[in-house]
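In what follows, a structure is listed as structure tokens, so that the remarks can point back to it.
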Amino acid sequence: MADTTTGFAVLPDIGLLEYNGATFSSLFKTSVSGVQVPDAAGRTVKYVEWTIYAEGTVTLGSFQPNISGQLAVLRRLLEQFGGTLTYKGKGLGNVVVNQPGGTLYDVAWGPKPKLLEFIPLGAGGPGSAGQLSAMVKWTVTTCIPEVPPQNSVNAGPGLGNVLQFNEETGVSYDDEDYSTITIRGTLEIPLTRYQGNIANRNLVQTADNYRSRYLELVADGFDLTRFRVTRRNFNVSRDKRTLEWDFVLEELPPMGLPPLATHARGTMSARSEANSPALMPYTISLKASYTIRKDEGRRYAWAAFVSLWKFRMEQSRNGVVPQENKKAPQDQQPVPNLPGAGEVIANPLAAGFKATRAIQTALLTSQIKAVQKNTPPPDGVIAIPMSFGFDEGLYLDSKVMTFEATWFLPVTFTSILVASGVWLPKEGAIGGGKLWASSVRDISGAKSWLRNALDPSQEVIVDFAGGQP
Amino acid sequence: MVFRFFQDENKAQGITGSQVQAGISNADDGRIIEKGITLPWLFNPRYSWMAYQCWIECHLDSGMVLHKPLPQSNPEPDTLASGFVSPLDNDFESNVAGVNLKSTGNYTDVVQRMANSDYRFVLKGYGMRAGYQIPIPGLKSVGGVDAVPDERQFGQNTIVGNCSGIPIWYAEWDLWYFVNLPPTKAQVPPPNVALHIAGDQQLSPTIQAPYSQPDGNAVAAIPQTNLGPAVVPKP
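Residue numbers (this note's numbering), protein chains in the order written: chain A, 564 to 1032; chain B, -15 to 219.
Written as structure tokens, this is what we have:
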């Protein structure tokens, strides 16, 4: 077996430098430098990058004709990443990094040797015996936290939880003065060979394992009664230690979205008689498109539409229909005292969904119970449905359901606004506000209905050219 | 070798013993849920008129006749044409003459009263109504005198639409009347019950703009605003 040392010491052995099983004998000198690596915010040190520069002499081993065998072994040992590094008795304390079962581990897939230089010394041996001694210059870098890391639940002993978690934020206002909030940050965890075992090429965790744990805390702070999350990115670095994440939130318009809808757009149009000059009667058109979260029924789109349709039609009871045998000017016929928008029809249809999986909060549940009762149109409604249609998106468009309806509204010009329900109700077709917020909260944070969790077991470190054959 | 970087969703979400693929299926008990959800319609007959037009046509036979004596000469035939397109006049595009009423004849016909004036009135119209048939209108008087139904009377109601169980009725009428006394005053046209207005409607010099209602986000008190300088908390 080849000697794995740089030779027998002739000086007192004070201190120890050993890496990945290769031990420097006392014929070496070292210098150590440390760089404090700040977190992305530049406010604190996430770890110290220690660089040890060593110069040692390889001398002929016992019963060896030359040092060729030693050098081959040393080269293999000193070039590998993630080995156990021992550096003692040099005034830096007893530094033992990546020792299996130890307490101190590199946090960035190190220690990482960076330089290996051999300088033959003196003449070679007799004949073709080869070189008898050489100088070795070698540099290794190891990243270790100054504060002893906490043991991780999922990681092996010594692997701290998180090295850094910070963010930057931005607020922008568009030309309509609506806000967009951007939150972008970094989550970094320590990783090295599992439990310091350089032969272990598998991962037991990645930064993605911390995605939900940390970023749901961020998402909990979103005010979904005012904003909706329009973009989320979670990018895991190639070494699987760093998760760069960002959220973009856009301010909601006055009309909130119906529950479970991730997208809803539409228009209500009112047009007076088109065939002759007239300011009455009116045809009201309602058209809206919905995208319902994928893990809920697309029937919710219909629930949202029919609820809004019914609500708006029922506002016709605020309208005025003049009487032909009254000769007073029609525009002087008073609009009755507005009874208000009345009960938001909320969503009688939602009652049928009470058996669906309990994603809704207690708020939605209580609302559903409140509208389970039959809700006949109130008295005095003066509108009639005229047409109805819908478009089902197919294939790649099957996210979207579109409904449209028109109704006839024979009310005066003076009362058309109050009879059409324009800009009512406050909370959208069914709910909106807190109700909508609660119905999409779980898909507005670190995940969606598909969690898309990175599987650490699929990760393996492969050396195509830098490792052993 | 296949790379599957992302976990099976059931595994990722900790779901075991379920045939439901997490994140894919939605739950729906399949019940009929729309029962009891009703839409309004124009149930009150007064509001049920969707279209209506009704008018009175007046036909007058003045009782006068025109006698045509034999011609005493043979002038060129009269024509209303002031230009010709076949063959096309060279100056047709610049012709500005309009209808040619200049006769080539030179004659005087004889006019004779044969009877009193004969007034005939036709009440015509159509209507569309939701749910209810359209009453065929009639005249009791016209021009200030009694109207007498003539021999021609036509009216019909038919269903032209089905609004989910509510028939949409369409009607037409063509009713003739005569009078045996000379009319004494102008006749106000029939009202339009769909537009809810009568011909003798009193007019207003202005039109009232539509009344509005509070925005759904409005509250009944002035909201507290704080658009001034931001308040910086003391450390």
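Positions of the beta carbon are idealized from the N, C-alpha and C atoms, including for glycine. These numbers were taken from a predicted model, which means no experiment stands behind them.
Please list the terminal residues of the continuous beta strand (DSSP E) segment that includes residue i.
i	result
B:N141	132 to 146
B:G109	102 to 114
A:L1013	Taken as a continuous stretch (DSSP letters only), A:L1013 belongs to no beta strand (DSSP E), as it is neither H nor E.
A:E618	608 to 621
A:A697	697 to 707
A:L648	648 to 651
A:V660	658 to 660
A:A851	845 to 855
A:V799	790 to 799
A:G597	591 to 601
Expressed to the nearest angstrom, what Euclidean distance is found between the alpha-carbon atoms of residue i and residue j?
i	j	result
A:R834	A:P844	8 Å
A:Y516	A:N763	As displayed, chain A neither begins before 564 nor continues past 1032, which places residue 516 of chain A out of reach and without an answer.
B:D73	B:H51	37 Å
B:R97	B:G82	34 Å
B:Q56	B:P119	59 Å
A:D738	A:V781	28 Å
B:F(-11)	B:L23	51 Å
A:T975	A:V884	6 Å
B:G67	B:S46	35 Å
A:I744	A:E779	17 Å
A:Y958	A:L750	37 Å
A:T705	A:S596	11 Å
B:R104	B:C42	6 Å
A:K962	A:F953	14 Å
A:W808	A:L980	46 Å
A:S629	A:L684	With the sequence shown as reference, residue 629 of chain A is identified as Asn, and Ser is not the correct amino acid for it. Approximately 12 Å, taken between the alpha carbons.
A:S800	A:L806	6 Å
B:S126	B:L44	The question names Ser, but residue 126 of chain B is Val in the sequence shown. Taking the straight line joining both Cα atoms gives about 13 Å.
A:S929	B:I(-1)	The pLDDT assigned to A:S929 is 47, lower than 50, so where the model puts this residue is not dependable; a value taken from the coordinates is nonetheless given after this. So the two alpha carbons sit approximately 27 Å from each other.
B:V80	B:L64	14 Å
Hey, could you find the ends of the alpha helix (DSSP H) residue i is sitting in?
i	result
A:V767	Premise fails: A:V767 is in no alpha helix (DSSP H) and is neither H nor E.
A:Q878	Counting along the chain, A:Q878 falls outside any alpha helix (DSSP H), and DSSP gives it neither H nor E.
A:L754	No alpha helix (DSSP H) holds A:L754; DSSP gives it neither H nor E.
A:Y777	774 to 782
B:R(-12)	Neither: B:R(-12) is in no alpha helix (DSSP H) and is coded neither H nor E.
A:R638	631 to 642
A:A968	A:A968 -> not in any alpha helix (DSSP H); beta strand (DSSP E) instead, spanning 963 to 972.
A:A982	979 to 983
Please tell me whether residue i has its Cβ less than 8 Å away from any Cβ of chain A.
i	result
B:L179	yes
B:G7	yes
B:Q(-3)	yes
B:G156	Reading the sequence as shown, one finds Glu at residue 156 of chain B and not Gly. For B:E156, the answer is no, since every Cβ of chain A falls outside 8 Å of its Cβ.
B:A114	yes
B:W153	no
B:W25	yes
B:P166	no
B:A182	yes
B:N201	yes
For residue i and chain B, any beta-carbon pair shorter than 8 Å?
i	result
A:S832	no
A:Q727	no
A:A697	no
A:E906	Residue placement at A:E906 is flagged as unreliable, the pLDDT there being 42, under the threshold of 50; the coordinate-derived value follows with that caveat. Cβ-Cβ to chain B under 8 Å: no for A:E906.
A:V621	no
A:L987	yes
A:M876	yes
A:S978	yes
A:Q1021	yes
A:W999	no
A:W1012	yes
A:F971	yes
A:V636	no
With DSSP as the reference, please indicate the residues paired to residue i in a beta bridge.
i	result
B:Q96	B:V49
B:L159	B:L107, B:Q137
A:I746	A:T732, A:F810
A:I947	A:F971
B:V126	B:V129
Count the C-beta pairs between the region 818 to 837 of chain A and the region 852 to 866 of chain A that are closer than 8 Å, then say yes if the count reaches three, no if not. yes
Would the region 809 to 819 of chain A and the region 764 to 773 of chain A be scored as touching if the rule is three or more Cβ pairs under 8 Å? no
Any chance the region 1005 to 1019 of chain A sits against the region -8 to 9 of chain B, with 3 or more Cβ pairs inside 8 Å? yes
Is the region 135 to 153 of chain B in contact with the region 165 to 174 of chain B, if contact means three or more CB pairs nearer than 8 Å? no
Validate contact between the region 863 to 878 of chain A and the region 958 to 970 of chain A using beta carbons, cut 8 Å, 3 pairs: yes
Three or more C-beta pairs closer than 8 Å, one from the region 582 to 593 of chain A and one from the region 618 to 631 of chain A: is that the case here? yes
Report yes or no: do the region 662 to 677 of chain A and the region 638 to 651 of chain A share at least 3 C-beta pairs separated by less than 8 Å? yes
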